[in-house]
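Residue numbers (UniProt numbering): 1 to 564. Think of the CB as a built atom: it goes at the ideal place given N, C-alpha and C, for glycine as much as any other residue.
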RNA sequence: GUUCCGGUAGCUCAGCAGGAUAGAGCAUUCGCCUUCUAAGCGAACGGUCGGGGGUUCGAAUCCCUCUCGGAACGCCA
């Protein structure tokens, strides 16, 4: 039920000669202050039309408008403020939530279209950092949002499993490493070797050459090099998997950079056929002047392929494999030029589907104001952050609720939830400077706050001994506190749609926080379990909240403990 | 130098298909547990919405310009 629509209809009846229905709908707004009602209609625009002052128009127009959902109208200057019938609306909304449960807010316009999402993409032999967290959790949340609006997402972990760094790594391993050490703590050891290589390379020029030589051997299929590469890859993946399990994220594909090694010749041939390649300073490029972009580098002057070549191959592969409706790349904003070029080259090749490729950029995480750099060993390890968050959550539980069963499990849910929620709660383009204090918080607009709110709500249901509800519009509520909650529930389908339209998980996070805040106010001011004529309806509201908070958190990739 | 992000309360951020007194969290101070989990609720404090122009009945929101941060600008990914 769309109340804005109903009111627009009612107004349109009176103004059909002057304004289109959708024009009226666009004029309707949601007042900032509750004493201005639930829906407001400003009449400024009508002033010219009627050659009267807006206030006069408002008061004359208000009298003739009526609809079942309108409880009362107030004219304040040039505004007509509509107050909806709380009982009618709350009954209808609660009925729908109880009926649909976690499917409330779903849309079908995605029509099952496949949407590959390039996300996470850590580099083999390097630890997962806070930077990878962003791509991972944003990609995961977008996947969930896409599912909610009817698409069929394909989570692709485009692993950084190829490149000259493997030559360096092999060199470093053979010089300073041992099988034992790598087996012990694969990523820590491989990172140590990688950092060491760069330190030593500053003193010794021949090291870089050696690294390049080993990479060449790897490319040529040298047995020793390939074996080491495979081993590094396997060991790294095992460790990544541990993190992904903690984050509760699974991928549909691990086709990384290496996967496209044998698929790039075709791209070059295709570009050649269409006569798009030109040679400039020895390198093969595609000129993109007409797009106002720098040329795309396809082949280096030594003949080696590049990032662009590989991504073109990947784009083609994904189109052919999935016949996607859209293709998303959750990659840092510093690469927006690359993706503009990628789309432009595909366009030049005559592929209209390039329009369905979307780069989903996100802001940079810095530490002490500086960019994180694996090479310099300046990283914030994701595992360390999750461990710290979990430890603090456990400490919190010991203080607040020491008798809680499954403390370990719950502290993991709360700790990891805090970190993930923190990463998703603001506009994804915002940069932020990492401090553990800021990321691991349990009060205010945080994941644990939302989790805690839901746990309290569930506790009421447990005490009431009622955890299932009949879908009925008899659950009617009249108090101001529940009304704020009902309005937020009612907006849910729209919220999901907006999150999808903007590819923006923070819209869901904000809904979760607002819903939790509204419920906590309700909780503090309205007794649910006391005998009251609206007791059943209040319980139904509490139930609806537990469902929707859980759904909000699920979309974000955050778990919902039943008690905490 | 060019292009792209961003500048809103002490701090972190909402609000930006223009609308009625600019909101929240954190921090600080003060209230509220004999009643549904105080990881909560309430109150106080806190703002030239970076500066200046313009469009408009109306601008934090749109346009121009300046300024200050961050990022990207052909052989890394």
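The stretch 198–214 makes no contact with the stretch 88–99, as fewer than three CB pairs between them are under 8 Å.
Just measuring C-alpha positions, the residue of 211, 305, 154, 559 sitting nearest residue 418 is 559.
CA-CA distance, residue 37 to residue 482, rounds to 15 Å.
Closest in C-alpha terms to residue 416, from the list 541, 441, 214, 500, comes 441. Residue 157 counts as buried, since at least 16 other C-beta atoms from the protein chains shown sit within 10 angstroms of its C-beta. Assignment of residue 482 by DSSP, reduced to helix, strand and coil, places it in the helix class. In the DSSP assignment, residue 155 falls within the beta strand (DSSP E) that extends over 152–157.
In this structure, residue 316 lies away from residue 254, with their beta-carbon atoms at least 8 Å apart. Under the DSSP assignment, residue 297 falls outside any alpha helix (DSSP H), being part of the beta strand (DSSP E) whose first and last residues are 296–299.
Residue 277 sits in a strand when the DSSP states are folded into three classes.
When the five nearest sequence neighbours on each side are left out, the beta carbons in the same chain lying within less than 6 Å of the beta carbon of residue 46 are those of 57, in order along the chain.
The three-state reading of DSSP puts residue 119 in strand, counting E and B together.
The C-alpha of residue 185 lies about 28 Å from the C-alpha of residue 155. In the structure shown, residue 303 adopts coil according to DSSP, grouped into three states. Short of 6 Å from the beta carbon of residue 434, and not among the five residues preceding or following it, lie these beta carbons of its own chain, in chain order: 130, 365, 367, 380. In the three-state reduction of the DSSP assignment, residue 352 falls in the helix class, which pools H, G and I. Listed in chain order, the non-local C-beta contacts of residue 87 below 8 Å within the same chain comprise 476, 477, 478, local neighbours out to five positions each way being set aside. The UniProt domain "DALR anticodon binding" (450–564) is shown to contain whole alpha helix (DSSP H) runs of 4 or more residues at 480–490, 492–501, 506–525, 535–556, in chain order. The three-state reading of DSSP puts residue 67 in coil, since its state is none of H, G, I, E or B. Listed as beta-bridge partners of residue 357 by DSSP are 327. Assignment of residue 144 by DSSP, reduced to helix, strand and coil, places it in the helix class.
Under DSSP, residue 73 forms a beta bridge with 82.
Contact between the stretch 398–418 and the stretch 483–491 is absent, with fewer than three C-beta pairs closer than 8 Å.
For residue 186, the secondary structure class from DSSP, reduced to helix, strand or coil, is helix. Distance from residue 137 to residue 557 at the Cβ level is roughly 6 Å; contact confirmed, criterion being Cβ atoms closer than 8 Å. For residue 439, the enclosing alpha helix (DSSP H) stretches over residues 436–439. Closest in alpha carbon position to residue 535, among 464, 502, 551, is 464. Judged by beta-carbon spacing, residue 182 lies within the 8 Å limit of residue 189, meaning their Cβ atoms are closer than that value. For residue 283, the secondary structure class from DSSP, reduced to helix, strand or coil, is strand. In the DSSP assignment, residue 365 falls outside any alpha helix (DSSP H) and within the unbroken beta strand (DSSP E) covering 365–367. Cβ contact annotation for residue 70 (same chain, cutoff 6 Å, sequence separation greater than five): 82, in chain order. With contacts defined as CB atoms closer than 8 Å, residue 145 and residue 505 qualify as a contacting pair. Rounded to whole angstroms, residue 421 and residue 394 show a C-alpha spacing of 18 Å.
The alpha-carbon separation between residue 507 and residue 42 amounts to approximately 27 Å. Residue 513 and residue 439 do not touch by the CB rule: their CB atoms are close to 16 Å apart, not below 8 Å. DSSP links residue 40 through a beta bridge to 29, 81.
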